[in-house]
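See below for the structure under consideration.
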Amino acid sequence: MYSFDIERPTSVADAVAALGADEALALGGGQTLIPTLKQRLASPSKLVSLSGIAEMKGVSQDGNTLRIGGGTTHASVAREAGAFPALAALAGNIGDPAVRNRGTIGGSLANNDPSACYPAAALGAGAMIVTDRREIAADDYFQGMFATALEEGEIITAVTFPIPAKAAYMKFEQPASRFALVGVFVSQGDAGVRVAVTGASEGGVFRWSAAEEALSGNFSADAISGLSLPADDMIADLHGTAAYRAHLVSVMTRRAVAAAG
Amino acid sequence: MPKDHGIGASSKRREDVRFLTGAGNYTDDINVHGQAYVHFLRSDAAHGTISNLDTSEAARMPGVVRIFTGADFEGVGGLPCGWQVTDRHGEVMKEPAHPVLAQGKVRHVGEIIAAVVADTLEQARDAAEAIVVDIDELPAVVDMKAALEEGATRVHDDLADNLCYDWGFVEENKGAVEEAIANAAHVTTLELVNNRLVANPMEPRVAVGDFERGTGNSTLYTTSQNPHVIRLLMGAFVLGIPEHKLRVVAPDVGGGFGTKIFHYAEEAFCTFAAKALNRAVKWTSTRSEAFMSDAHGRDHVTRIELALDADNNFVAVRTETLANMGAYLSTFAPSVPTWLHGTLMAGNYKTPNIYVNVKAVFTNTVPVDAYRGAGRPEATFQLERVIDKAARELGVDPVELRRQNFITEFPYATPVAVEYDTGDYHATMDKMLELLDRDGFAARRKESEAKGKLRGLGINCFIEACGIAPSNLVGQLGARAGLYESATVRVNATGGLVVMTGSHSHGQGHETSFPQVISEMIGIPEDQVEIVHGDTANTPMGMGTYGSRSLAVGGSAMVRAAEKIINKTKKIAAHLLEAAEADIELKDGTFSVAGTDKSVAWGDVCLAAYVPHNYPLEDIEPGLEETAFYDPSNFTYPAGAYACEVEVDPETGHVSIERFISADDFGNVVNPMIVEGQVHGGIAQGIGQALLENCVYDENGQLVSASYMDYAMPRADDLPHMASYTVDHSCQTPCTHNPLGVKGCGEAGAIGSPPTVINAILDALHSGGHKVDHIDMPATPARVWAAINGQ
Ligand SMILES: Cc1cc2nc3c(=O)[nH]c(=O)nc-3n(C[C@H](O)[C@H](O)[C@H](O)COP(=O)(O)OP(=O)(O)OC[C@H]3O[C@@H](n4cnc5c(N)ncnc54)[C@H](O)[C@@H]3O)c2cc1C
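Written as structure tokens, this is what we have:
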């Protein structure tokens, strides 16, 4: 690790101000950032820890909307998001207990790892990413592997999810990291059917529109039994070929639909 | 009633109290006053010439004590190899220089280019980044077949090619084997890969070098399985420090699995630098460094043929193996694919004709050496996979095919140079089948099928050569070391005793099991016995722990030393009791005169030895301390029969282990609980190899699986639930040639389990109509799915 300063603001406003410094970086749960620093792959001048900001924590429900503070840990979501069981289950299966008790939803979405779970939920449920300065629809937020609509110093303060009538997340784990080799989040709600896929594509999380169409008329695994994705843009690595990933997307989508009921 | 102490009791592991409460004393816990820290600048190129290495700016950075490069080691020896293989043409193997720090050239990712010693580790790392190093990259040699092609880039340009040796075993049998195969009724052929593994002990390697100016003595604290071996190799061959001026301490060590046998550059560096700087120097490996500097394991590519006669009797086995040595010869690397592998190709079977060919190959990868099982898992995997394939081709029961070819008469001299002293392979097979409930398998398969899963049953037998090793034999085979073990038994005046053993415990539980043996012999409580190991300053010259040798060889040395003690105490007791020595009996810690009520307690006899007022000084010396060196007359041959049931998800290729059953014959068992723990751990590692672990290089020699993000270690939920994980060791044919009748249990699980798992997966696939002959390890979901889909 290179040396850096650390600040621990207690309000979003103070955090935004602190992040105005040159080369300052927000620190959420540190589950991605700290290993990066340890390997000397980043050299921020200052870390602005978000973990002391009370207004960024917790899960609350307002009618059919679930609001999760950007600093809420995966473990809290697993415990407190009972109104949206598919989301609670997803959070409860991220990493191990140490990761879940530190890592945050804001950190996960800001990082937008192509194999992470939360991006699939945000895109697959049509969430809104709330920042210190605006609200960004999930459809506009994800812009490719590790790329998002966030500006320099912009903080995810909350994420709001419309609670779908039916939803499920199916994750096929990469054997070593246990991130998603392929993860599929499906939902059916007021905004229709959404299918979001993580882990599979070179372009990061994406919506599988052909599956969405097929499921709109008939929300059942059978409706998509003949459907497959081209392998062209799929990730290929030592854990699976592009063809395998494309195949897994179909399997996991069918299983997610079946699980969503 | 199970015994509560002595041989056969499941005494609780006394060492666990300190390990589990954070009171262990590992090498990284050792800090020498005023120590400096070293950070190694390692090559990120697989192969290249160092065209520029400028440390001048880095040397001026804050806290830097000194920066060492290859130039500082020009007069220093290279890391020695402890085994010399002679090839099939009578030539000795090629043995390239193995420098401590790179000499102008780098040959694998992770090779040390420079060593920065600074007051703090962070300062050392900062300075390392300021070193200017330019490497003119050369093409990397990665694939073994390509490495042997005419005109391939040479890993060592002072050698003619990348072939370390071309070994034939037994060369004289080659013709007979060819003939037997030509005349056979059926020949089954299989090509397979034994995947490269990274050992990944929980504790990474650590070295602390220290130097005492006042005495001129050097000390190395290191994470080693054999401190005396390190002292000899490093002192005599690398640094030129005589053994009496060098102490090597391997304190608590958190797992070794073979990879901590070898002498490494970092150990030599820290010892050398401490002397050069007159200041202790410490290195603690990061996990990332471990991936690219700990010796890897396995990495064989094999073609095996099994020939059978019309009655399905095995008539010949022929194998051709390419064995990866990596860029340099690690300490025992040449022995693994040869003498630890070729000698096991008979397995449990009376195959009369066997020929093994091994070509060892240099590549631009981390050196490969012994890893739990070392050579024996590779042998077992080939043999048991090809037998299973033959059974399928011939349409016969894999159990019966094995049974009909079992060796049943002992001693049995194999055609591959070893003589099995004892065993009962039908007994372990019977036991395994009984625990398996094979008849119930059809119903279990139906249940799995109802869930959309394919269920498979794999069975497997294995034999290993443990209790390594008879020195005169291994000397003939190229070992540059003896493989005896030593023990000193020191009895204190008040009757408690200390055993100083040359064996080393890095998880095996010697501190518990060794006292059980002494307790049995003398009849004193186990807690009267303390085990000291791991320090060359207070233990006799020993060869350490690997090859399932501790109890069989180290325990035998302890028994011999204890017998000398008992003989002496009987003389003393005879004197005190005024009886003839022949009439003295020792039982439950009391000496008595046969047929009388005269007795004297163990403690009183010990006291007399140190307070020799009433003592036969004219016949025997005072004091009670004896040393014994034990050299085994043969290997031991543990064997077993394993079974595994898997469920395969045909849609994703995911495999889950539903049941695992092992029936082992370890001979006599001193501590059943420890034995079961060793087998559980070994099977977990074997399942890891079969399903998960894979060390992968790309064509440029870059390590792709360089962290736990890509290298999959087995986790608890990859293993069957304990209730479905049965380990049995009730079949016991005691070893005939060591005093304890023990055979060793440390490697069995890792040897027996990989083919069991793969056999089970293939059985599952066939049950689903997928006619797959073989799947290479690790059988990842992606590979299983590809096999199902013919990709
Ligand atoms: C062993 C392990 C296993 C894991 N397994 C999984 C898994 O299965 N599935 C999965 O999805 N993830 C997994 N993760 C990742 C985990 O979910 C991380 O917690 C997450 O990626 C980052 O969250 P964090 O709060 O720790 O962010 P940090 O590491 O603190 O930060 C990550 C990045 O986000 C920025 N950032 C942090 N918070 C905010 C914010 N509120 N607003 C704007 N920017 C912010 C930081 O500046 C940094 O660039 C795993 C991680 C580990 C270590």
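Sequences listed follow chains L and F, in order.
100 is the number that the numbering used here gives to position 111 of the first sequence; each next residue is one higher, with no gaps.
38 is the number that the numbering used here gives to position 58 of the second sequence; each next residue is one higher, with no gaps.
Glycine included, C-beta positions come from ideal geometry on N, C-alpha and C.
Limits of the beta strand (DSSP E) - the one that residue i falls within
i, result
"W147/F", "143 to 149"
"I564/F", "564 to 567"
"P60/F", "Looking at the DSSP string, P60/F is not in any beta strand (DSSP E), and its letter there is neither H nor E."
"N304/F", "294 to 306"
"Y335/F", "333 to 342"
"A187/F", "186 to 192"
"Y610/F", "605 to 610"
Environment of residue i [buried if 16+ CB atoms lie within 10 Å]
i, result
"H593/F", "exposed"
"P103/L", "buried"
"N53/L", "exposed"
"E124/L", "exposed"
"S466/F", "buried"
"M702/F", "exposed"
"E373/F", "exposed"
"I(-5)/L", "exposed"
Start-to-end residues for the alpha helix (DSSP H) that takes in residue i
i, result
"E491/F", "490 to 502"
"P520/F", "No alpha helix (DSSP H) holds P520/F; DSSP gives it neither H nor E."
"H746/F", "728 to 747"
"Y405/F", "405 to 416"
"C446/F", "It is not in any alpha helix (DSSP H) - C446/F carries neither H nor E in the DSSP assignment."
"W582/F", "582 to 590"
"E(-5)/F", "-5 to 0"
"M272/F", "267 to 273"
"P396/F", "A small correction: the amino acid at residue 396/F is Val; Pro does not occupy that position in the sequence shown. V396/F -> no alpha helix (DSSP H), and no H or E assigned at all."
Nearest-angstrom Cα separation, counted from residue j out to residue i
i, j, result
"P612/F", "G447/F", "8 Å"
"G18/L", "D(-4)/F", "34 Å"
"P(-2)/L", "K35/L", "13 Å"
"F135/L", "G59/L", "18 Å"
"H750/F", "P630/F", "10 Å"
"M117/L", "S32/L", "31 Å"
"K772/F", "T35/F", "Because chain F is modelled from -19 through 771, residue 772/F falls outside the range shown and cannot be assessed."
"A49/L", "L699/F", "According to the sequence provided, residue 49/L is Ser. The question's Ala does not apply to it. Cα to Cα, the separation comes out at about 39 Å."
"P74/L", "Y705/F", "34 Å"
"P181/F", "A187/F", "15 Å"
"V238/L", "P164/L", "17 Å"
"G215/L", "W197/L", "14 Å"
"D3/L", "R29/L", "27 Å"
"A326/F", "V379/F", "17 Å"
7 Å Cβ cutoff met for residue i and residue j
i, j, result
"A82/F", "G58/F", "no"
"K775/F", "G475/F", "Given that chain F is displayed from residue -19 to residue 771, the structure contains no residue 775/F and the question cannot be resolved."
"A216/F", "F242/F", "no"
"Q658/F", "R352/F", "no"
"A537/F", "I498/F", "no"
"A39/F", "I30/F", "no"
"G229/L", "A767/F", "no"
"G732/F", "Y622/F", "yes"
"A744/F", "V655/F", "no"
"T299/F", "A127/F", "no"
"A169/L", "T149/L", "no"
"L16/L", "L8/L", "no"
"A245/L", "A157/L", "yes"
"M41/F", "D114/F", "no"
"L531/F", "V707/F", "no"
Residue-chain proximity (residue i, chain B), Cβ-Cβ < 7 Å
i, result
"A199/L", "Within the model displayed, chain B is absent; protein chains L and F are what it includes."
Output the residue ranges of the alpha helix (DSSP H) runs that lie fully inside the region 16 to 81 of chain L and measure 4 residues or longer, sorted by chain position. 22 to 27, 63 to 69, 74 to 81
Can you check the region 103 to 131 of chain F for any alpha helix (DSSP H) of at least 4 residues that lies completely inside it and give the ranges in chain order? 124 to 127
Can you check the region 175 to 241 of chain L for any beta strand (DSSP E) of at least 3 residues that lies completely inside it and give the ranges in chain order? 181 to 187
Can you list, in chain order, the stretches of the alpha helix (DSSP H) that have 4 or more residues and sit fully within the region 633 to 715 of chain F? 652 to 667
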